[in-house]
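Everything on this sheet refers to the single structure shown next.
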Amino acid sequence: MCRYICIFIYCLYLLLPGKAVAQLTAKDTLRIVQVNARRIPDNINPITPVQTLSGRRLETLNSLSVADAVRYFSGVQLKDYGGIGGLKTINVRSMGSQHTAVFYDGLMISNAQNGQVDLSKFTLDNIDAISLYNGQSNNIFQTARAFSAGNVLYLTSKTPQFSGNETWHGKASIKTGSSGLINPSLLWQQKLSDRISSTVSAEWVNANGRYKYRMKDLEYDSTAFRQNGNINAYRLEAGLNGTLRDSSTWNLKYYYYNSSRGLPGAVVANKYKYGQHLNDQDMFAQASWKKEVPGRFGLMANVKYSNFFNVYIDPEYLNEARYLDNYYRQQEIYASVAGKYNLTSYWGAALATDMIINTMGSNIRRFAEPTRYTELVSLASRLHFKQLEVQGNILATIVDESVKAYNGAGSKREYTPAVSAAWQPIPGKNLWLRAFYKNIFRMPTFNDLYYTYIGNNNLRPEFVKQYDAGFTYTTALRGKWQYISIQADGYYNNVRDKIVAQPAENLFGWMMMNIGKVVIKGAEVNVNTAFMPLHNMTLNMSLSYTYQDARDMTTGKGGYNYGEQIPYTPWHSGALTAGLDWRAFTFNYSFLYTGERYFQKRNTPDNYMPSWYTSDISASWTIRRVKFSAELNNMLDQQFDVVRNFPMPGRNYRITMNIHY
Amino acid sequence: MKHLFTFLSVIILFASCRKDVDAPSGSKEVPKASVGFYLLNEGNMNMNKASLDYYDLVNGKLTSNIYQKQNPTVVKGLGDVGNDLKIYGGKLYAVINNSNKVEVMDAVTAVRIKQIDVTQCRYLAFYKENVYITSNAGYVVVADTATLTEKAHITTGRNPEQMAIVGNKLYVANSGGYDPDNYERTVSVINLDTRQELKRIDVAVNLHRIVADQYGDLYVTSRGDYNTIPSRLYVIDTKTDQVKKEFPVGASNLAIHNDLAYIYSVSWSNITNSNTITYATIDVKNETLLNTKFISDADAAKIVLPYGIAVNPDTEDVYVTDALDYISPGILYCFDKTGKKKWQVETGDIPAHFAFMK
Numbered sequence: 013m014c015r016y017i018c019i020f021i022y023c024l025y026l027l028l029p030g031k032a033v034a035q036l037t038a039k040d041t042l043r044i045v046q047v048n049a050r051r052i053p054d055n056i057n058p059i060t061p062v063q064t065l066s067g068r069r070l071e072t073l074n075s076l077s078v079a080d081a082v083r084y085f086s087g088v089q090l091k092d093y094g095g096i097g098g099l100k101t102i103n104v105r106s107m108g109s110q111h112t113a114v115f116y117d118g119l120m121i122s123n124a125q126n127g128q129v130d131l132s133k134f135t136l137d138n139i140d141a142i143s144l145y146n147g148q149s150n151n152i153f154q155t156a157r158a159f160s161a162g163n164v165l166y167l168t169s170k171t172p173q174f175s176g177n178e179t180w181h182g183k184a185s186i187k188t189g190s191s192g193l194i195n196p197s198l199l200w201q202q203k204l205s206d207r208i209s210s211t212v213s214a215e216w217v218n219a220n221g222r223y224k225y226r227m228k229d230l231e232y233d234s235t236a237f238r239q240n241g242n243i244n245a246y247r248l249e250a251g252l253n254g255t256l257r258d259s260s261t262w263n264l265k266y267y268y269y270n271s272s273r274g275l276p277g278a279v280v281a282n283k284y285k286y287g288q289h290l291n292d293q294d295m296f297a298q299a300s301w302k303k304e305v306p307g308r309f310g311l312m313a314n315v316k317y318s319n320f321f322n323v324y325i326d327p328e329y330l331n332e333a334r335y336l337d338n339y340y341r342q343q344e345i346y347a348s349v350a351g352k353y354n355l356t357s358y359w360g361a362a363l364a365t366d367m368i369i370n371t372m373g374s375n376i377r378r379f380a381e382p383t384r385y386t387e388l389v390s391l392a393s394r395l396h397f398k399q400l401e402v403q404g405n406i407l408a409t410i411v412d413e414s415v416k417a418y419n420g421a422g423s424k425r426e427y428t429p430a431v432s433a434a435w436q437p438i439p440g441k442n443l444w445l446r447a448f449y450k451n452i453f454r455m456p457t458f459n460d461l462y463y464t465y466i467g468n469n470n471l472r473p474e475f476v477k478q479y480d481a482g483f484t485y486t487t488a489l490r491g492k493w494q495y496i497s498i499q500a501d502g503y504y505n506n507v508r509d510k511i512v513a514q515p516a517e518n519l520f521g522w523m524m525m526n527i528g529k530v531v532i533k534g535a536e537v538n539v540n541t542a543f544m545p546l547h548n549m550t551l552n553m554s555l556s557y558t559y560q561d562a563r564d565m566t567t568g569k570g571g572y573n574y575g576e577q578i579p580y581t582p583w584h585s586g587a588l589t590a591g592l593d594w595r596a597f598t599f600n601y602s603f604l605y606t607g608e609r610y611f612q613k614r615n616t617p618d619n620y621m622p623s624w625y626t627s628d629i630s631a632s633w634t635i636r637r638v639k640f641s642a643e644l645n646n647m648l649d650q651q652f653d654v655v656r657n658f659p660m661p662g663r664n665y666r667i668t669m670n671i672h673y
Numbered sequence: 006m007k008h009l010f011t012f013l014s015v016i017i018l019f020a021s022c023r024k025d026v027d028a029p030s031g032s033k034e035v036p037k038a039s040v041g042f043y044l045l046n047e048g049n050m051n052m053n054k055a056s057l058d059y060y061d062l063v064n065g066k067l068t069s070n071i072y073q074k075q076n077p078t079v080v081k082g083l084g085d086v087g088n089d090l091k092i093y094g095g096k097l098y099a100v101i102n103n104s105n106k107v108e109v110m111d112a113v114t115a116v117r118i119k120q121i122d123v124t125q126c127r128y129l130a131f132y133k134e135n136v137y138i139t140s141n142a143g144y145v146v147v148a149d150t151a152t153l154t155e156k157a158h159i160t161t162g163r164n165p166e167q168m169a170i171v172g173n174k175l176y177v178a179n180s181g182g183y184d185p186d187n188y189e190r191t192v193s194v195i196n197l198d199t200r201q202e203l204k205r206i207d208v209a210v211n212l213h214r215i216v217a218d219q220y221g222d223l224y225v226t227s228r229g230d231y232n233t234i235p236s237r238l239y240v241i242d243t244k245t246d247q248v249k250k251e252f253p254v255g256a257s258n259l260a261i262h263n264d265l266a267y268i269y270s271v272s273w274s275n276i277t278n279s280n281t282i283t284y285a286t287i288d289v290k291n292e293t294l295l296n297t298k299f300i301s302d303a304d305a306a307k308i309v310l311p312y313g314i315a316v317n318p319d320t321e322d323v324y325v326t327d328a329l330d331y332i333s334p335g336i337l338y339c340f341d342k343t344g345k346k347k348w349q350v351e352t353g354d355i356p357a358h359f360a361f362m363k
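Sequence order for the protein chains is A and B. Heads up: the first sequence begins at 13 in the working numbering, then just goes up one per residue. Heads up: the second sequence begins at 6 in the working numbering, then just goes up one per residue.
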């Protein structure tokens, strides 16, 4: 019952600004568009469902890392183990976290070991924009890899921009807060010549990770401190951006991240402290070159090398040495060439070829030491008219694998299509109707294939078919309301051959098998608007709401929970943010809601997790070149777990000071 | 202002919507001292879902989550990963492996008396006024059954598992399971009066179960190395403390009642990529493998992953549990002496260990 009241209120809230639109847009729309055009955010794209957080809006959100920020997107569940150092991965539209590719400055951060990227490693300090595309980006001129995932999360770092006689920009920032957080960072952008500029960004994050949490049931109520959640991490990035005489652009980038963190473990009866540790050293270096002649052709080339070294240490392991020390080293060599050609003024085509070599080594017992060779070829085409846009592409994936020991997985060849169309029914009215279909898969990861005592090298790719239909509507308004934009989508996803762990003969030997089937029906709504009560005061508001019905449709083997909502998937979730700019001050309020859900496959009271919602506030004050900001998160001190038995922090704060030149 | 109001109303509504964790399903009924048994469900690791069911044999009714109902004030409840369950001297002992504790309850009401802290505890055995608890850390904890306090440690091999008592000797199966390159292969023999380890009997790698029959023999299972060495069943003669027989069958778990040992085996096949499950019966008096089946083939085919086995000492019915995929509620099956299925019932997650109320 309660749930329905909540939806009702949500709907009501959706209608409020909508009503205002109806009254106001009937009048002189054209003129207002011109006046307010700069205020309309660029985060609405009519062609494909995309959500973007960037610039000022990203700065004012109460977020430390990219992980915190993506919670405001619709369709997203963030799997968060809690605390500053807790693993945080993104799951979009319930397809599973391996179906979202994460791109950093144009190239994918891949993890062949487990197919997931820990978003807590990316603090927002050097991030300029975060965009989440369902399906794929609407730009056909991309690497083949950009077409190869169910969803794509693009992270874009800050690139230097100099005006006039400026030769450098610098930013120094220090952040501190709950759990012993100390986070100083430095950004330096230098103009080296008319055609070349450099960026250096460095950061250190240290926290003891302690926070109070509460364990509460009908008849007990106990508090404790989270232990072994300490983190010490630093990040160094350096880049060169340049333009050649033929106006083609190039950039080089080096990234290094080193962290050492405690793994606080599951809070279970009588056990609140763990000693496990994880050390990560992630590096990559990439180079890109791009030439584009607008309206005619484009050409680009990218290369990347990455090396991830992770060490898991368990000093509580009850072997002879009383110590477990496992390392995993992943390396990737990546090269991509892509070209675009405009056949006519309305018809373009693009071809991209990527070559990828992944290797993994480890000191774990009987590890196969696999090497994977992947070749991706994408052919994409775009028809573009004033009121109609049609895109389609086909992706060929060729994977071969070799192993140093035991048996490798066989070769795989897959051809997967995607098509999308958008139509503007009324000329001049910014209403677009759109739909897309995409058939895509994820490869079994090295963990799926080779990890533990018994690997399953017979695994097949896990496929997802996505169907999406929706609309976007954006309009400038007159008077105090600046604009309103609405994006709404309904979708149907069908996951087949889902890779699911099944017990083998003992608890150590879980076996991965292609037995799962999930059907997801969902709807998402995003509304953005701005209100200007005074000439120097702006209130930006946004709302996102997600409904998901994600059912386990597995039959036969593993089909013990047919028709049940899959674990950790709420039926309802949403976010609401309101940011007020007034003179040198900003104020922000954000509200996140995750509805009731179950943490295991069977939807019984034993597996029930209640809904949670947090309210965060922040304020900032800029004086000359100095900005002070303060955040209070989870201000109502709600106790909740995102992942069962991994309690999240209660009320916590952060204070930041930065100087910007 | 209107919007601020809307924000607030949304928040307040959500606030009022938040439900506390539901009360456990079923009634608040106290298990009677009827004929029946407790069933310990292990629960998957880190889920903190170990649970206690009670099956009332008179009314044929399973009551779930007994521990939680009877002990609602215990923070985080029974705990993480149940591993053994026994009744001794009117008390019910439940080993909760990953919670590093043995919960001691009143056997009739399941009301908690005390917990005994033991690191990575595994199995229970009883002798006179003592309870013996194996710890994966390489020892047996001796605790007093009246005061429920620890009084001694007896060192064993690495990662000791199940225990059996014959006369005044405690036999402990050592696994060394945490060192796959160097498994233990012995049974430790301990004099219970002096608490001294007398010797170690060499059997096979990675030992797990050890069950005594009424003829002074011990049936010991080896898990094998999950690679080239298969699981096997061995017999130790406690008069000579030597292995006297190896049965050419795999054995994951067994229960012995009178002259019969009921055995199941789960072994992984890399060829079919599935588990091979076999059931066997042994005449422990003559030490021969019998051709009789304690489960009909049709029923055996339905069991996905047998995980627990027990024989009702009065009716001689055989109970077998199915853990399915470890993360769904399991199934408890009851078979009569002839192997015919009598009933089945859904249990907690990973049903595994039995303790009978007399």
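C-beta: ideal position from N, C-alpha, C; glycine also. Quick caveat: nothing in here was measured; it's all calculated off a predicted structure.
In the DSSP assignment, lysine 74 of chain B falls within the alpha helix (DSSP H) that extends over 71-75. Taking 7 Å as the cut-off, the Cβ atoms of aspartate 117 of chain A and lysine 265 of chain A count as close.
Asparagine 187 of chain B and phenylalanine 448 of chain A have their C-alpha atoms roughly 56 Å apart.
Taking CB atoms only, proline 515 of chain A has a neighbour in chain B less than 7 Å away. In terms of Cβ geometry, asparagine 670 of chain A and serine 300 of chain A do not form a close pair [threshold 7 Å]. Within chain A, Gln612 and Lys613 have C-beta atoms less than 8 Å from the C-beta of isoleucine 332 of chain B, given in sequence order.
A distance below 6 Å between beta-carbons, with the five flanking residues on each side excluded, links glycine 94 of chain B to the following residues of its chain, in chain order: Thr150. The beta-bridge partner set that DSSP reports for arginine 222 of chain A is empty.
By the neighbour-count definition (other C-beta atoms within 10 Å, threshold 16), tyrosine 625 of chain A is a buried residue. Three or more beta-carbon pairs drawn from the stretch 310-326 of chain B and the stretch 248-266 of chain B are found closer than 8 Å, and the two stretches are therefore classed as touching. In the three-state reduction of the DSSP assignment, glutamate 71 of chain A falls in the helix class, which pools H, G and I.
Per DSSP, reduced to three states, the secondary structure at tyrosine 144 of chain B is strand. Note that the stretch 349-363 of chain A does not touch the stretch 452-460 of chain A; fewer than 3 beta-carbon pairs, one per stretch, sit closer than 8 Å.
With the criterion set as a beta carbon lying under 9 Å from some beta carbon of chain B, the members of the stretch 549-571 of chain A are Leu551, Met553, Lys569 and Gly570, in sequence order. Phenylalanine 237 of chain A is positioned such that its CB atom lies no closer than 7 Å to that of leucine 144 of chain A. The beta carbon of serine 272 of chain A sits closer than 6 Å to the beta carbons of Asn244 and Asn291 from its chain, once the five residues preceding and following it are set aside; these are given in chain order. Secondary structure of phenylalanine 174 of chain A (DSSP, three-state): coil. Relative to the Cα of alanine 642 of chain A, the nearest Cα in the group A/Asn573, A/Tyr605, A/Phe597 and A/Arg656 belongs to A/Phe597.
A contact is defined here as three or more CB-CB pairs under 8 Å, and the stretch 303-310 of chain A fails this definition with respect to the stretch 336-345 of chain A. Of all residues in the stretch 322-339 of chain A, only Tyr329, Leu330, Asn331 and Glu332 come within less than 7 Å of chain B when Cβ atoms are compared, listed by chain position.
In this structure lysine 203 of chain A touches threonine 179 of chain A by the C-beta definition: roughly 5 Å separates them, less than 8 Å. Inside the stretch 74-112 of chain A, DSSP marks whole beta strand (DSSP E) runs of 3 or more residues at positions 88-92 and 100-104, from first to last along the chain. For aspartate 302 of chain B, the uninterrupted alpha helix (DSSP H) segment begins and ends at 302-307.
Counted as a single uninterrupted DSSP element, the alpha helix (DSSP H) harbouring leucine 461 of chain A occupies residues 458-462. Partner residues in the beta bridge of leucine 90 of chain B, as assigned by DSSP, are B/Ala99.
Our two residues, threonine 139 of chain B and leucine 197 of chain B, have alpha carbons roughly 14 Å apart in a direct line. By the criterion of a C-beta distance shorter than 6 Å, aspartate 258 of chain A is surrounded by no residue of its chain, once the five residues flanking it on both sides are discounted. Residue contact with chain B for asparagine 375 of chain A: absent (no Cβ-Cβ distance below 7 Å to any residue of chain B). Chain A places a beta carbon closer than 7 Å to that of asparagine 51 of chain B, counting this residue as a contact.
By the Cβ neighbour-count rule, histidine 358 of chain B is buried, with 16 or more other Cβ atoms within 10 Å of its own.
Following the DSSP letters along the chain, one finds methionine 110 of chain B inside the beta strand (DSSP E) bounded by residues 106-111. From the beta-carbon of arginine 163 of chain B, the residues of chain A found nearer than 7 Å are Glu332. Glutamate 344 of chain A: member of the beta strand (DSSP E) spanning 336-354, first to last residue. With fewer than 16 other Cβ atoms from the protein chains shown falling within 10 Å of its own Cβ, arginine 334 of chain A counts as exposed.
Scanning the stretch 401-444 of chain A for uninterrupted beta strand (DSSP E) segments of 3 residues or longer gives 424-435, listed from N- to C-terminal end.
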